[in-house]
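Residue numbers (our numbering): 220 to 541.
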Ligand SMILES: [Zn+2]
């Protein structure tokens, strides 16, 4: 019995190894920038006029889940929609993506890298409608810059569909990617291990912003501002967006999964947090900060990456929010 178990384990390890073969470990590539204070649009000409700014919420997949499994203190009888979404900010003629949701290669990526034990917990609903495919149908060019809130599988899956983009992550997230051996809560080499990805390192030279002690003002007009939001992963970031009408949004990646966490004030359900939050204490501190931020700024809409109900209420791509 024991021997049979060991053989099965060996076969599983071999299968994982075979699945990983087409990809190189990120440590073996030299495609990373060296952490210079680049800005995604440093070279953009200033026209003197404020550029129009709009936001698209691009749902790539969604499924109903019991709220208690998502939100600490959530209802056992209520269902919430867990979405896998990307976001695109249009600033004048520039397109900047913040996360990509699930891409066209998700079945292969998931099949190769999601451990069997984690599949009942971490799954996705088909059909998947990748961001790149939705943009193609809408006759939109693809974003030239991609910023990842963090490098988990359901955020970076679509990188393969946008091969020409520069991809921005924070320094600590880059360290996480470099050290990753894959697995449910780690970056996947099938997504981030491609040697031709044009990585860039986010830095935060622009001082305090909305209670965060460092920031990056992406376009130099305060309309799109990145802030560090460590906890869920060490290099997680959030993105403030003010669209042309003056409506303000904060995209928080997985610092929160659902806006119900702001109502209950305790973050993700503890079972979920235990599995997915890299540093639970730091994540809890970030949740408290976001609860205060929401309370003090009633005009600010905080959008968690997976809150499909809130995102649908705001309006999904091909609609642009401006
Ligand atoms: Zn995550």
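The beta carbon of each residue, even a glycine, is placed where N, CA and C say it ideally should be.
| For residue 387, three-class secondary structure by DSSP | Residue 387 falls in the strand class under three-state DSSP.
| field | Distance between residue 495 and residue 539 (C-alpha atoms, nearest Å) | value | Going by the C-alpha atoms only, they are around 31 Å apart.
| request: Give a single yes or no on whether residue 506 has its beta carbon closer than 7 Å to a heavy atom of ligand 1. | output: No, the Cβ of residue 506 stays beyond 7 Å of every heavy atom of ligand 1.
| task | Report all residues from its chain with a CB closer than 7 Å to the CB of residue 402; omit the five preceding and five following residues, and keep chain order. | result | Only 334 meet the Cβ criterion.
| query | Taking C-alpha atoms, which residue in 468, 528, 476, 358 lies nearest to residue 503? | reply | Among 468, 528, 476, 358, the Cα nearest to that of residue 503 belongs to 476.
| Applying the criterion that 16 or more other CB atoms from any shown protein chain within 10 Å of the CB defines a buried residue, is residue 383 buried or exposed? | With fewer than 16 other CB atoms across the displayed protein chains lying within 10 angstroms of its CB, residue 383 is exposed.
| Pick from 289, 352, 417: whose alpha carbon is nearest that of residue 537? | Proximity to residue 537 across 289, 352, 417 peaks at 352, based on C-alpha coordinates.
| In terms of DSSP beta bridges, what is residue 419 paired with? | Answer by DSSP bridge pairing, in chain order: 387.
| field | Per DSSP, cross-strand counterpart(s) of residue 303 | value | Answer is 280, bridged to residue 303.
| query | What are the boundary residues of the alpha helix (DSSP H) that residue 499 is part of? | reply | First-last of the alpha helix (DSSP H) with residue 499: 499-515.
| request: Please state whether DSSP places residue 321 in a helix, a strand or coil. | output: Note: residue 321 maps to coil in three-state DSSP.
| message | Which residue wins for smallest C-alpha separation from residue 533, given the options 269, 274, 259, 260? | response | That would be 274, whose Cα lies nearest to the Cα of residue 533.
| request: Whole angstroms is fine: what's the gap from residue 500's alpha carbon to residue 300's? | output: If you take the alpha carbons of residue 500 and residue 300, they lie about 26 Å apart.
| Option in 442, 440, 457, 441 with minimal Cα separation from residue 448 | The shortest Cα separation from residue 448 among 442, 440, 457, 441 belongs to 457.
| said: Let me make sure I understand the geometry here. Which of 417, 446, 418, 414 has the alpha-carbon closest to that of residue 426? | reply: Nearest C-alpha to residue 426 among 417, 446, 418, 414: 446.
| query | What residues are listed by DSSP as bridge partners for residue 487? | reply | DSSP lists 290 as the beta-bridge partner residues of residue 487.
| task | Note down, in chain order, each residue of its chain lying with its Cβ closer than 6 Å to the Cβ of residue 487, except the 5 sequence neighbours on either side. | result | Take residue 487, set aside five residues on each side of it, and the residues of its chain with a beta-carbon closer than 6 Å to its own are 476, in chain order.
| request: Could you tell me whether any non-hydrogen atom of ligand 1 is closer than 7 Å to the CB of residue 289? | output: Not one heavy atom of ligand 1 lies closer than 7 Å to the C-beta of residue 289.
| Out of 355, 481, 417, which has the shortest C-alpha to C-alpha gap to residue 293? | In terms of Cα proximity to residue 293, the closest of 355, 481, 417 is 481.
| Smallest Cα separation from residue 510: which of 258, 471, 441? | It is 471.
| Does the separation of the CB atoms of residue 360 and residue 314 fall below 8 Å? | Here residue 360 is near residue 314, since their CB atoms are less than 8 Å apart.
| said: With a threshold of 7 Å on Cβ separation, who are the neighbours of residue 241 within its own chain once the five nearest residues in sequence on each side are excluded? | reply: Residue confidence is low: residue 241 scores 34 on pLDDT, short of 50, so the model does not pin down where it sits. No coordinate-derived value is stated.
| task | Taking all protein chains shown into account, decide if residue 312 is buried (16 or more other Cβ within 10 angstroms of its Cβ) or exposed. | result | So residue 312 counts as exposed.
| field | Alpha carbon of residue 531 to alpha carbon of residue 393, nearest angstrom | value | The straight-line gap from Cα to Cα measures roughly 32 Å.
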